[in-house]
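For the record, in the sequence shown the residue sitting at position 53 is 53 according to the UniProt record's numbering, with numbers rising by one throughout.
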Amino acid sequence: EEIRSAITVRNGLLDDGSHFKYKQLFNFHYKDGVEMLTVGGIIYNEKESDLVDKCEFGTLAFIRSDKEPCTIEVPPLTLKEIRHMNEQLPCLHPICIEVSGLSLEAVEKYVEVYKYYPAFVDAEIG
């Protein structure tokens, strides 16, 4: 609502035909210790509505244009386990991933979300 409200205020300063629109694209809820959420979308000129429609965002499984969240169930994994599984992905079925100490359920959950899993680097400075 805050985004739409800000756009409405801004549009009040613009000529008709050059107003901006907002389309929510995602509403991720996830937990890897602390509950978190990420909401975002696209701001575009109303003249570009046809182009935005052609993107067919709604065909993507993780798109959420309303308050209904896309819940990402993240299994508790170490960086070493993540790197080891990433080396074996993509694969046809999670059962083909070899990783000791993890349940098949944890592997399956990771395979579902690995493309969207945050990427970061652990670095030491000093």
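Backbone N, C-alpha and C define an ideal beta-carbon position, used for all residues, glycine too.
For a test of the three-state rule: what should DSSP assign to residue 96, helix, strand or coil? In the sequence shown, counting from the first residue as 1, residue 96 sits at position 96. In the structure shown, residue 96 sits in a helix (DSSP, three-state: H, G or I).
Spell out a yes or no on whether the region 43-51 and the region 77-91 are touching, meaning 3 or more CB-CB pairs, one atom from each, closer than 8 Å. The region 43-51 vs the region 77-91: no contact.
Beta strand (DSSP E) runs contained entirely in the region 54-105, provided each spans 3 or more residues: If one requires a minimum length of 3 residues, the beta strand (DSSP E) runs lying completely within the region 54-105 are 70-72, in chain order.
Of the listed residues 76, 77, 78, 61, nearest to residue 134 (C-alpha basis): Not covered by the structure: residue 134. The range shown for the chain is 1 to 126.
Could you tell me whether the Cβ atoms of residue 30 and residue 82 are closer together than 7 Å? Here residue 30 refers to the residue found at position 30 of the sequence shown. Here residue 82 refers to the residue found at position 82 of the sequence shown. At least 7 Å separates the beta-carbon of residue 30 from that of residue 82.
Counting pairs of Cβ atoms below 8 Å between the region 49-63 and the region 9-28, do you hit three or more? Yes: at least three Cβ pairs fall under 8 Å.
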